[in-house]
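Numbering follows our numbering, in which position 320 of the sequence shown is assigned residue number 315; successive positions increment by one, without gaps. From the three backbone atoms N, C-alpha and C, an ideal C-beta is built for every residue, glycine too.
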Amino acid sequence: MKTSDGSTAIERFLRPVEEFAKIQSSGGLVLLACAVAGMLLANSRWSTVYESVLHANLGVSAIGWTLAKPVHFWINDALMAVFFFVVGLEIKREMLAGELSRPRQAMLPIAGAVGGMLLPAALFLALNHGGEAARGWGVPMATDIAFAIGVMALLGSRVPPQLKVFLTALAIVDDLGAVLVIALFYTAELHWGALAIAAVLLAGLVAANRMGVRTPAVYAGVGVMVWLLFLASGVHATVAGVLVALTVPARVRLDRTGFIDAAHGHVHAFADAEPPARPGFASAGQLDAIYDLERTCERAGTPLNRLEHALHPWVSFGIMPLFALANAGVRLGGGGALGHALVAAGVALGLVVGKPLGIAGFSWLAIRFGVAERPADVSWTQLVGVACLGGIGFTMALFIAALAFESEAALAAAKIGVLSASLVAAAIGSVVLARAARAGR
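Encoded structure:
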């Protein structure tokens, strides 16, 4: 049964769910819920089941070839490659047409991101400068964009749009830095043959882009092969997701004027078409006009934007929450993590202290020396509040921790540091931004 606006009962039922999914803070809320669930499962009577599921083998076969790995691998190395693919799409979009495409505007988030990576790493190493613990220096370098933007979204109109743009651009530069850190410093022994073949395939995707190939299936299919080759090469396989994303076409085929003219023509063709014989259906002429309009919209858009929009809900509400569920579970009752208390302290110090000081300090230096400018209508207090939110490490920090530590006890300590510091950073950042809004500065 349809209502006056043409929607069905099931569409009215699903509308609140769709609206929830559009809210920026929603992904962060789901992520937090899954992290809490993982922590509870790891410390409950179901902990054995939780661990056994994560370590259960799961295999895929094709043309006589089988890849069998634990469930935890498929989440951290396969599904997270899709997450890194979306990160790569965001990086390319921002560098070509976003905030990072204009040098003077880009310098502020770049400077803040660099400071927000260097100082946390230095503080961590100050406490953990020898042995296995030193490998965790990359853990407090990362900012979790989903959580940080989610916290900011909860503050609503009290946060000016320029701050959200600054935080988004900063987090994207931060993600790029994290990818480079993973590729350069958390890589096992290299197998150059696999890397060489992967490089050839990536060059083929660049050539396909230049020749006008815009079918997403081509980039997805070759991307899977590149991922498999990176898996065999020793470089962490998720890096393949970023590199493949950088080859996806990002230019439109139809400019603004051409799109408007063509769209008007298709709408008029729809209006002039013969009406359908029965209500609730479309005539052949109307369907042709709709199809032509869809093709015009496709030419006015880009494969990069289409892939980003199509994958973003799956990443925000599927992959990242699943990653949190699988990786946030850490036993709080065991004494192993206590033996690596400096690891937890180093991570927490880096995120809660190093991140704000690095982001705000390097931003101040960039503005002071004239290489960047402070966004209009943004106070220093608000900038400091955003810098505090940069201490929410979570997803990327947990991911790097899993690469850095082979010892379960050290990894558990790093997870405790990440989770506790992210909560503290979110609370401090929220308070600073809320007070700045009340004070009008």
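With a threshold of 16 other beta carbon atoms within 10 Å, residue 45 meets it and is buried. Taking a cut-off of 8 Å for Cβ pairs, the segment 111 to 118 and the segment 352 to 361 touch, as three or more such pairs fall below it. Apart from sequence neighbours up to five positions away, the residues of its chain that approach residue 366 with a beta-carbon distance below 6 Å are 102, ordered along the chain. Residue 175 counts as exposed, since fewer than 16 other beta carbons sit within 10 angstroms of its beta carbon. Per DSSP, residue 60 lies in no alpha helix (DSSP H); the unbroken beta strand (DSSP E) holding it starts and ends at 60 to 65. In this structure the segment 403 to 411 does not touch the segment 142 to 160; the number of beta carbon pairs closer than 8 Å is below three.
With fewer than 16 other Cβ atoms inside 10 Å of its own Cβ, residue 185 counts as exposed. Pairing residue 284 with residue 250, the inter-Cα distance amounts to about 20 Å. Within the same chain, 335, 337, 338, 341 and 405 come within 8 Å of residue 128 by CB-CB distance, once the 5 residues on both sides are set aside.
For the 9 Å CB-CB criterion, residue 140 and residue 170 form a contact.
Taking C-beta separations shorter than 6 Å and ignoring five residues to either side along the sequence, the partners of residue 181 in its chain run 398, following chain order. Residue pairing from DSSP leaves residue 173 without any beta-bridge partner.
Residue 201 sits exposed, since fewer than 16 C-beta atoms from the chains shown fall within 10 Å of its C-beta. Less than 9 Å divides the Cβ of residue 142 from the Cβ of residue 26. Inclusion of residue 318 and residue 70 in the CB contact set at 9 Å is warranted, their separation being smaller than that value.
The segment 52 to 111 contains, as complete alpha helix (DSSP H) runs of 4+ residues, the segments 75 to 92 (chain order). Distances from the alpha-carbon of residue 126 to those of 402, 413 and 381 put 402 closest.
Between residue 21 and residue 307, the alpha-carbon positions lie close to 12 Å from each other. Counting the other CB atoms within 10 Å of its CB gives residue 259 a total below 16, which places it among the exposed residues.
The shortest C-alpha to C-alpha distance from residue 346 to any of 123, 213 and 416 is the one to 416. Scanning 392, 254 and 221 for the CA closest to the CA of residue 199 turns up 221.
Residue 41 sits in coil when the DSSP states are folded into three classes, being neither helix nor strand. Residue 370 sits away from residue 302, with the two beta carbons spaced by 9 Å or more. Distance check between residue 96 and each of 413, 29 and 168 places 168 closest, using alpha-carbon atoms only.
In this structure, DSSP gives residue 256 a helical state, which the three-state scheme calls helix. Between the alpha carbons of residue 24 and residue 65 lies a distance of about 27 Å. Taking all protein chains shown into account, residue 244 has 16 or more neighbouring C-beta atoms within 10 Å of its C-beta and is therefore buried. Beyond the five residues adjoining it in sequence on each side, residue 226 comes within less than 6 Å, by CB distance, of 232 in the same chain, given in chain order. Linking residue 391 to residue 223 through their CA atoms gives a straight-line distance of about 22 Å. Secondary structure at residue 207: coil, using DSSP grouped into helix, strand and coil.
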